[in-house]
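According to our numbering, the sequence shown holds residues 949 to 1271 in order. Beta carbons are placed, not taken as given, at the ideal position from N, Cα and C, and that holds for glycine. Model, not experiment: these values are computed from the prediction. See below for the structure under consideration.
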Amino acid sequence: MKNKIILVSGDPNSINSEIIYKSWKKLKKSLKKRIFLISNTHLLTQQFKKLNYPIKVVAINDLNQKIKDNSLKVINVDVDFRNPFKVNKKNSSKFIINCLNYAHKLALNNNSLGIINCPINKNLLKKEKIGVTEFLAKKCKIRKDSEVMLIYNKKLAVSPITTHIDLKDVSKKINIPLIVNKVIKINSWYLQNFKKKPKIGILGLNPHNGELRKHSEEKKKIIPAILKLKKLKIKAFGPLVADTIFMNWENYDVIVGMYHDQVLTPFKTIFKFNAINITLGLKYFRASPDHGTATSLIGKNKANYLSLLNSINFLNSFKNEVC
């Protein structure tokens, strides 16, 4: 039955063991039975012990293995370590990549609802320094830039057209097809999962939309893309001015920006940890908490687990295909 949830423990040098435990405590027994963690039992056991967390960890071989009690089921991936919170960079990188590859393989078998990965330092994902969004898109062998990052809260979602690139490269990267195709995917996802046409606000790139100068990105790329979307009967509005749009965010279901921090910074200011990071366009559903590894909080028992718990509950709420 396609109801299993694959959880990837993520970066070993992080708050991940803490948010996993805190989320686990909040889950119903019936849901715990359907969660399978890709990690390392010895590493987790040591981290839980150091944090004084009373949780039983059991190693299993595959998604079909059943455990009678509510132990945390772990499919083992090897990792070399001495200090449980200070795994060196080389071993951390190997461990994370192996975990993601394992989760990707399991998800492709169509025997799960999808993947949720705990936070990962993107500098550990090979030399390209790509994020998990791009890493899994590459694994799925989908056309470059066809994946969509959607930071979702039931009241509002935001999406950057470009993700983990430098600001100096944003103008060169954005183009009409890129904007159109990503907004189409967002619109389709809302139609499929919520049976509604979302109201999508699309931001300009420059301050005050570049005053709509003749050769601005707004005139050459963003406005033509919005016109194409309107012809497709998509509720697209813009270009909207980035410095005021989040004063009136209630008027939209989704706000699309041209680059990562243009929409994520104000969104996180408003919703904090009450959101999840979803990747659209993969061959399976993938989500993650909407925050980083928080290395300054390691071992302090102060990490906020809400985003991981929301990710699990959100995925559990879908019984059909959600990509």
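Problem set entry | Reduced DSSP secondary structure (H/G/I, E/B, other) of I975 | At residue 975 the sequence reads Leu, which differs from the Ile that was named. It is coil, neither helix nor strand.
Exercise. Is I1044 closer than 9 Å to N1073 when the C-beta atoms are compared?
Worked result: Per the sequence shown, the amino acid found at residue 1073 is Leu instead of Asn. In contact: L1073 and I1044 (Cβ atoms closer than 9 Å).
Problem set entry | Three-state secondary structure assigned by DSSP to Y1100 | Y1100 falls in the strand class under three-state DSSP.
Exercise. Considering only residues of the same chain and omitting the five flanking positions on each side of K974, which have a CB-CB separation below 6 Å?
Worked result: Closer than 6 Å at the Cβ level, and outside the excluded window around K974, lie L1257.
Exercise. Where does the unbroken beta strand (DSSP E) through I1150 begin, and where does it stop?
Worked result: From DSSP, the beta strand (DSSP E) with I1150 extends over I1148 to L1151.
Exercise. When you compare only the Cα positions, how much space is there between Q994 and I1063?
Worked result: Approximately 24 Å between the Cα atoms of the pair.
Problem set entry | Runs of beta strand (DSSP E) wholly within the stretch 1176–1239 (minimum 3 residues, chain order) | The qualifying runs are 1184–1188, 1202–1205, 1224–1228 and 1234–1237.
Exercise. Alpha carbon to alpha carbon, what distance is there between D1117 and R1091?
Worked result: So the alpha carbons of these two residues sit roughly 20 Å apart.
Exercise. G1158 by DSSP, collapsed to three states: which one?
Worked result: The answer is helix: DSSP assigns G1158 an H, G or I state.
Exercise. For the beta strand (DSSP E) that contains I1090, what are its first and last residues?
Worked result: Note, I1090: premise wrong, no beta strand (DSSP E); not H, not E.
Problem set entry | Coarse secondary structure for F996, derived from DSSP in three states | In the structure shown, F996 sits in a helix (DSSP, three-state: H, G or I).
Exercise. Considering only C-alpha positions, which residue in the set K1220, T1213 and I1134 is nearest to A1184?
Worked result: Of K1220, T1213 and I1134, the residue nearest in Cα terms is I1134.
For this session: Could you tell me the boundaries of the alpha helix (DSSP H) in which V1128 lies?
Result: Counting along the chain, the unbroken alpha helix (DSSP H) around V1128 starts and ends at I1124 to F1142.
Exercise. Assuming H1208 and F1221 make a contact with CB atoms under 8 Å, what is their CB distance in whole Å?
Worked result: With a contact defined as Cβ atoms closer than 8 Å, H1208 and F1221 miss out at about 18 Å.
Problem set entry | Reduced DSSP category for N1249 - H, G, I as helix; E, B as strand; rest coil | Of the three classes helix, strand and coil, the one that applies to N1249 here is coil, per DSSP.
Exercise. CB-CB under 7 Å to S1019, same chain, minus the five flanking residues each way: which ones, in chain order?
Worked result: Cβ-Cβ distances below 7 Å link S1019 to K1004, V1005 and V1006 in the same chain, with the five nearest sequence neighbours on each side left out; the list follows chain order.
Problem set entry | For I1224 and S1265, believed in contact at Cβ under 8 Å, the rounded distance | In this structure S1265 is not in contact with I1224, their Cβ atoms being roughly 12 Å apart against a cut-off of 8 Å.
Exercise. Taking the Cβ atom as the reference point for each residue, do L1177 and V1131 lie within a distance shorter than 9 Å?
Worked result: A contact, by the Cβ cut-off of 9 Å.
Problem set entry | Neighbour-count burial assignment, S1136, 16 or more Cβ in a 10 Å radius | Per the 10 Å Cβ criterion, exposed.
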